[in-house]
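So the structure is just underneath, and the comments pick up after that.
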Amino acid sequence: MHYRSLESCVKDLEENGYLIRVTEEVDPYLEMAEIQRRVYQAQGPALLFTNVKGSRFRCVSNLFGTMARTRFIFRSSLESVKKLVELKIDPAIAMKHPFRYWSVPLTALKTIPQKKLRSHFESCKIQDLPQIQSWPDDGGAFVTLPQVYTEHPDFPGTRLSNLGMYRIQLSGNEYKPNEEIGLHYQIHRSIGVHHAAAIRRGEKLKVSIFVGGPPALSVAAVMPLPEGLSELMFAGVLGGRRFRYFRDPKGFLIAADADFCITGTIDPNETKPEGPFGDHLGYYSLRHIFPFLKVENVYHKPDAIWAFTVVGRPPQEDTSFGDLIHDITGPIIPTVISGLHAVNAVDAAGVHPLLLAIGSERYVPFEERHPQEILTIANAILGQGQLSLAKYLFIAAKEDNPELDIHNVQEFFTHVLERVDWKTDLHFQTRTTMDTLDYTGTAVNEGSKLVIAAAGKKRRKLQVDLPPEGFTLPEGFKDPKVVIPGILCVTAKPYSHKSEGEGVREILCAYCTKSGIFDGFPLIVLCDDSLFTARSLNNFLWVTFTRSNPASDVSGAGAYVEDKHWGCIGPLVIDARIKPHHAPPLIEDPDITRRVDQLGLKGRSLHGII
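Rendered as structure tokens:
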């Protein structure tokens, strides 16, 4: 089934048991977000809020809350998308299997945007939109499923346009109510190319922000398409229907099937503070200077539905976006980087902080196999779009275990830690780019990267239990806990300039070198709470890779520098304690939690779900 609107999708989901209505009055300040988080964690249905405090519009969330529901939504088009990917990989395959690909030309026609006569939209103000605030310290209300449309100033029109999901702040800070809204985009985003061109030309950049519409528009906005390839084309294929648009009297492009559209301009010479905002790493991104939109018009369809989600510590609803993108684009990865078989941006670690990859190690080994070709592949990975924002890249040679699965994170870590040589297999990049939302680096957008490459035979047996009773850790360290075989986490005294002056990490590294007691644990993580960190693999991934910057937080027992290469005899120590310059983690408001609990009582909308 191909949806012409968000309304048709909502009706279809409800008829098939994938959506329920929340009829009680709910508050867009924190309460709706808490409901969404709770229902998502319970793997519950999509939610249609019909009684939103302070707004006449209905709201929908959790559309993509499970992969089963996501596949149901796109059940009529996913196969067509995959066929196009197959042809991209091997165009000659159509000659071998003509009956499988007979419909591809018809599918390709849907990539062409369709201009139409003006649709019926009504007008309102920013203050009339649902003012949804997700976390207590957010700077105001935000749009969390926006589709932000821009055109290249040098090449106007849809052909080189960009549709991206960049966060939009509707209220708060220094924005003039109803006249200005915040626009935050990260580096390596195509909107930045358009913005830079507008600055060079000395002109304002026109922006259209769509909310709602057929679900394919939201997915298209997050697809990592190559620069210059319009997301509108992909939306047409995934939605099974050409993207339809018209232009308003001032020349702004309006998605004809969207539920809402905000139009405005960015002045290249003006900025204002944006944020804070509870973000996908599980921490707040803080107030920073960003462009802002001077609002021209706010359009909405009659009886429109406002689509939203919640961003926070993963997994959240946006995890399904990542899984769907992998389903669609996974097979094409080896054609982009020679020798690369698979790559996984680990969701539990916040996506960008941690990549796992498998590559070929085909260089003829005159001696025992060791990382060579996979280092070339690693450099290529870190040169690919958003993958370049990674901080840690673990890469393994396929030849050592052809069945290795990058999505089995524990198995992957075990494979690498059994083989890695800390003296030779650590490769740092310092003072380079990193995720705008990551505060572990030296400044916004600045930090470091570490490639950990492993190839060859096993060099150690990983320890699964703590050493026998009787050993003592140095003063200031306690509660050693095994996370998985070979990985140990230890609670250390809180980070402070005084304690670091006392060489906290150096003390532990020296202890490991002298005692040898942790030789079966090649990776040790220092943290604020080892009980929490070791409680689950997801906790370990989140704490370790969102709270450390490789160049400043990686140490090791017997560390040395030789010809500018840093290595250690082992174990490797990652300091994942919270530092003074880090952003604060996201914490729910307990009063809101208690209020949401009431919706789970018998006779209420969420009974049996939360």
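For the sequence shown, this note's numbering begins at 9 and goes up steadily by one.
Just so you know, even glycine gets a beta-carbon here, dropped at the ideal spot from N, CA and C.
Simplified DSSP state of residue i, which is helix, strand or coil
| i | result |
| --- | --- |
| Thr166 | coil |
| Asn546 | helix |
| Gly367 | strand |
| Glu22 | helix |
| His505 | helix |
| Tyr11 | coil |
| Ile341 | helix |
| Leu609 | coil |
| Asn416 | coil |
| Gln437 | strand |
| His349 | strand |
| Asp487 | strand |
| Ile600 | helix |
| Arg249 | coil |
| Leu240 | helix |
| Glu258 | The amino acid occupying residue 258 in the given sequence is Lys; Glu does not appear at that position. Here Lys258 sits in coil by DSSP. |
| Lys587 | coil |
| Leu516 | helix |
| Phe300 | strand |
| Tyr447 | coil |
| Leu137 | coil |
| Val319 | coil |
| Phe402 | strand |
| Phe479 | strand |
| Ala264 | coil |
C-alpha gap between residue i and residue j, whole angstroms
| i | j | result |
| --- | --- | --- |
| Glu570 | Asp429 | 15 Å |
| Phe553 | Trp574 | 20 Å |
| Glu514 | Trp550 | 24 Å |
| Gln135 | Glu454 | 36 Å |
| Ile495 | Glu239 | 42 Å |
| Ile389 | Lys90 | 23 Å |
| Thr119 | Cys269 | 22 Å |
| Glu211 | Ala149 | 29 Å |
| Trp110 | Ser85 | For Trp110, the pLDDT reaches just 48, beneath the cut-off of 50, and the residue's location in the model is therefore unreliable, although a value from the coordinates is still provided. Cα to Cα, Trp110 sits roughly 15 Å from Ser85. |
| Glu426 | Phe402 | 13 Å |
| Ile274 | Glu159 | 13 Å |
| Pro284 | Gly566 | 41 Å |
| Phe242 | Asp527 | 51 Å |
| Met231 | Ser198 | 12 Å |
| Thr58 | Thr31 | 6 Å |
| Leu137 | Leu445 | 26 Å |
| Asp599 | Pro323 | 23 Å |
| Arg12 | Asp265 | 7 Å |
| Ile28 | Ile341 | 38 Å |
| Val459 | Lys522 | 27 Å |
| Val472 | Thr422 | 11 Å |
| Phe218 | Leu168 | 18 Å |
| Leu516 | Thr440 | 29 Å |
In DSSP terms, what residue i is bridged to
| i | result |
| --- | --- |
| Asn305 | Thr271 |
| His573 | Glu570 |
| Val562 | Ile582 |
| Tyr291 | Pro593 |
| Ser131 | Tyr307 |
| Ala3 | As shown, the chain starts at 9 and ends at 618. That puts residue 3 outside it, with no answer to give. |
| Gln3 | Any answer about residue 3 is impossible in this case: the structure gives the chain only from 9 up to 618. |
| Lys457 | Gln437 |
| Thr499 | Lys486, Cys535 |
| Leu27 | Ala54 |
| Ile492 | Ile495 |
| Glu282 | His296 |
| Leu383 | According to DSSP, which records beta bridges pairwise, Leu383 is partnered with nothing at all. |
| Val34 | Val60 |
Neighbourhood of residue i by C-beta, 6 Å cutoff - its chain only, sequence neighbours within 5 removed
| i | result |
| --- | --- |
| Ile492 | Gln418 |
| Asn546 | Ala356 |
| Thr541 | Cys497, Cys535, Asn547, Phe548, Val551 |
| Asn186 | Lys133, Ile134, Gln135 |
| Val201 | none |
| Tyr291 | Ala591, Pro593 |
| Ser127 | Ala264 |
Nonlocal neighbours in the same chain, by C-beta distance under 8 Å from residue i, ignoring five residues either side
| i | result |
| --- | --- |
| Ile313 | Leu14, Glu15, Val18, Leu56, Phe65, Arg66, Cys67, Val68, Gly220, Asp267 |
| Ile297 | Thr279, Lys280, Pro281, Glu282 |
Cβ-based neighbour list, residue i, same chain, cut-off 7 Å, excluding 5 preceding and 5 following
| i | result |
| --- | --- |
| Tyr26 | Pro53, Ala54, Arg77, Phe80 |
| Ile586 | Tyr503, Asp536, Arg555 |
| Leu609 | His615 |
Can you list the beta strand (DSSP E) stretches of 3 or more residues lying completely in the region 142-222, in chain order?
155-158, 170-172, 175-177, 188-192, 213-219
In chain order, each alpha helix (DSSP H) run of at least 4 residues that lies wholly inside the region 59-83:
Scanning the region 59-83 for uninterrupted alpha helix (DSSP H) segments of 4 residues or longer gives 75-81, listed from N- to C-terminal end.
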